[in-house]
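Which chain is which? The protein sequence lines are A and B, in order. For the first sequence, my numbering assigns the number 174 to the last residue and increments by one with no breaks. For the second sequence, my numbering assigns the number 432 to the last residue and increments by one with no breaks. Backbone N, C-alpha and C define an ideal beta-carbon position, used for all residues, glycine too. The structure appears below as structure tokens.
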Amino acid sequence: MQPSPVRDLIVGLFVALGLAAIAYLSIQVGGVGYAGRGGLKLVAEFDQIGGLKPRAPVSVAGVTVGQVRKIELDDQLRARVTLEVDKSLALPTDSSAAIHTEGLLGDQYVALEPGGADDLLKDGDEIEFTESALSVERLIGKFVHNSGIEPDAEKTGKTAKAGKSPADEQAEEE
Amino acid sequence: MNAIQDLGLRTVNLVVHLGRLTAFVVQIAQNAVRPPWRVQRFVDEIYDVGVLSLAIVCLSGATVGAVLGLQGYVTLSRFGAETSLGAVVGLSLVRELGPVLTALLVTGRAGSAMAAEIASMVVTEQLDGLRMMSVDPVDFVVKPKALAMLTAMPMLNALFIVFALFGGYLVGVTLLGVDGGSYISSMENAIDFENDVAGTLLKSVIFGALVGMIATYRGYTSAPTSAGVSAATTGTVVTGSVSILLFDYVITALWGVS
């Protein structure tokens, strides 16, 4: 084969194109470096996270501000969820976190509800008020049996107040 | 009795070939880490493997993406979940279809040509001519080809996926009226770097090594006859395709499906 500068140039272009495609897949589609390393890390504990998965979106008033980084079980057998949100986000310390579902069959996400306190949440802080994922099976179970709500509510304690709303009220009305 | 003898012979032959293949790969690897680097030969081989396969890979990518978009739309719209089209198209492409189809296409397009070229060099005694001049044919002929296959495969794979995502977008959004923003965002939310993109790159590197290894080995060890050339070409495509599909399952199982 004769040495040909044109062919070398074409090979160079091909390699540049290939590397650009790999970079596009990794950075844009794969989401490497989303929100940077320096996002604000918050921790929230839930009794029940349903189908929440890492990289699920975190939103305030429907606007995506970050994502779920890590989900683990703590020593009291509750789900410990680490969220990473935009650093510039000013959330009061009494903000609450809830796991909601996008539509009827959609993916689950964490919705943050800002509170009214003057102090702001700092990196590594814990969100105290949480609302667990709504389990359709448990809802139907309660509706069918129409009982067993009171001991359940006492057991779950603090978070039951928030998690109580639709299921229990419905049952109480019966 | 003959059938049993035949079976035994085939089994022993298979093991013998595996041993020779291993020795051959070790020889290529040893030559790859020491000079002469043969950069110009390598660049020329990238041209043959990569640039000349570009058209077929991009065209097939766009077509596969378009079909996935169409089929995915029909199935998803039954459940009213058209907005997840981007996730369906993206995940199936990045995890399985991209690396496997690219490797199969490149085996047919470039692997067979590679085996035929080396095999005809065996027939016309060009490799013996190189040995006469005390040039190692593995270093001069085989090494640049195998390394070019290894390098070009991940790039072709990434280009295949990008074109397929574009094809899916074209059909899903432009033709069938799925919202463009939700196509892109469901795709970007579903695809992860550690689980999906790193896996696709690992797969394509392994497939590139596999095809480069099989094509050069079949060519290098072919019988010095015209039937030997055709056997080497056919053998490359058959062995290459089967081992790509086998390895795809093994890698997916080891990598973990999440």
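DSSP state of residue i mapped onto helix, strand, coil
i, result
"I49 of chain A", "coil"
"T298 of chain B", "coil"
"K142 of chain A", "helix"
"L350 of chain B", "coil"
"R55 of chain A", "coil"
"V11 of chain A", "helix"
"V309 of chain B", "coil"
"P328 of chain B", "helix"
"L120 of chain A", "strand"
"P92 of chain A", "strand"
"S359 of chain B", "helix"
"G373 of chain B", "helix"
"G18 of chain A", "helix"
"S4 of chain A", "coil"
"S396 of chain B", "coil"
"P209 of chain B", "coil"
"Q76 of chain A", "coil"
"D218 of chain B", "helix"
"I365 of chain B", "coil"
"A338 of chain B", "helix"
"G382 of chain B", "helix"
"G106 of chain A", "coil"
"A293 of chain B", "helix"
"A160 of chain A", "Residue placement at A160 of chain A is poorly supported in this model, since its pLDDT is 44, which falls under 50; the coordinates are not used for a value here."
Residues that residue i bridges to, as DSSP identifies them
i, result
"A98 of chain A", "A:A111 and A:E131"
"I27 of chain A", "Partner(s): none; I27 of chain A has no beta bridge."
"E126 of chain A", "A:V43"
"V60 of chain A", "A:V63 and A:L112"
Span of the beta strand (DSSP E), counted from its first residue to its last, around residue i
i, result
"T82 of chain A", "A79 to V85"
"I71 of chain A", "V63 to L73"
Cβ-based neighbour list, residue i, same chain, cut-off 6 angstroms, excluding 5 preceding and 5 following
i, result
"L301 of chain B", "M295 and P311"
"G235 of chain B", "F334, F337 and A338"
"S286 of chain B", "T407, T410 and V411"
"F46 of chain A", "A79, T130 and S132"
"L384 of chain B", "S417"
"R55 of chain A", "Q67"
Close Cβ partners of residue i (< 7 angstroms) along its chain, the five nearest in sequence each way excluded
i, result
"L91 of chain A", "L112, P114, L120 and L121"
"A35 of chain A", "Legend: pLDDT at A35 of chain A = 46, less than 50; position of this residue unreliable, value from coordinates given subsequently. Excluding sequence neighbours, A35 of chain A sits near G66, E84 and D86."
"L244 of chain B", "V345"
"I358 of chain B", "G260"
Opening and closing residue of the alpha helix (DSSP H) in which residue i lies
i, result
"I230 of chain B", "L226 to R252"
"R184 of chain B", "N176 to A206"
"A405 of chain B", "S400 to W429"
"S266 of chain B", "L259 to S266"
"A277 of chain B", "G272 to V280"
Residues of its chain near residue i, where Cβ-Cβ distance is below 8 angstroms and the 5 sequence neighbours each way are ignored
i, result
"T399 of chain B", "V297"
"R212 of chain B", "D313, F314, K317 and P318"
"I220 of chain B", "A322, T325 and A326"
Item to check | Positions along the stretch 80 to 93 of chain A whose CB lies within less than 9 angstroms of some CB in chain B | outcome: Going along the stretch 80 to 93 of chain A in chain order, one finds no residue with a Cβ nearer than 9 angstroms to chain B.
Next on the checklist: Can you pull out the residues from the stretch 202 to 233 of chain B whose beta carbon lies closer than 8 angstroms to at least one beta carbon of chain A?
Outcome noted: Considering only beta carbons, the part of the stretch 202 to 233 of chain B lying closer than 8 angstroms to chain A consists of Q214, V217, D218, I220, Y221, G224, V225 and L228, in chain order.
Checklist entry - For the stretch 326 to 337 of chain B, which residues have a beta carbon sitting closer than 8 angstroms to at least one beta carbon of chain A? => result Contact residues of the stretch 326 to 337 of chain B toward chain A are A326, P328, M329, L330, A332, L333, I335 and V336 (C-beta to C-beta distance below 8 angstroms).
Next on the checklist: Taking beta-carbon pairs under 9 angstroms, can you tell me which members of the stretch 299 to 324 of chain B lie near chain A?
Outcome noted: If the cut-off is 9 angstroms between Cβ atoms, the stretch 299 to 324 of chain B has nothing near chain A.
Next on the checklist: Any C-beta of chain A within less than 8 angstroms: which residues of the stretch 255 to 277 of chain B qualify?
Outcome noted: Taking 8 angstroms as the Cβ-Cβ cut-off, the stretch 255 to 277 of chain B approaches chain A at A255, G264 and V268, given in chain order.
Next on the checklist: Along the stretch 1 to 32 of chain A, where does the CB come closer than 8 angstroms to a CB of chain B? Name the residues.
Outcome noted: Listed in chain order, the positions of the stretch 1 to 32 of chain A with a beta carbon within less than 8 angstroms of a beta carbon of chain B are M1, P3, R7, D8, I10, V11, F14, V15, L17, G18, L19, A21, I22, Y24, L25, S26, Q28, V29, G30, G31 and V32.
Checklist entry - Using a Cβ cut-off of 9 angstroms, which residues of the stretch 342 to 355 of chain B contact any Cβ in chain A, in chain order? => result Using a CB distance below 9 angstroms, no part of the stretch 342 to 355 of chain B faces chain A.
Item to check | Where the stretch 375 to 386 of chain B meets chain A: residues whose CB sits under 9 angstroms from a CB there | outcome: Listed by position, the residues of the stretch 375 to 386 of chain B near chain A (Cβ gap below 9 angstroms) are L375.
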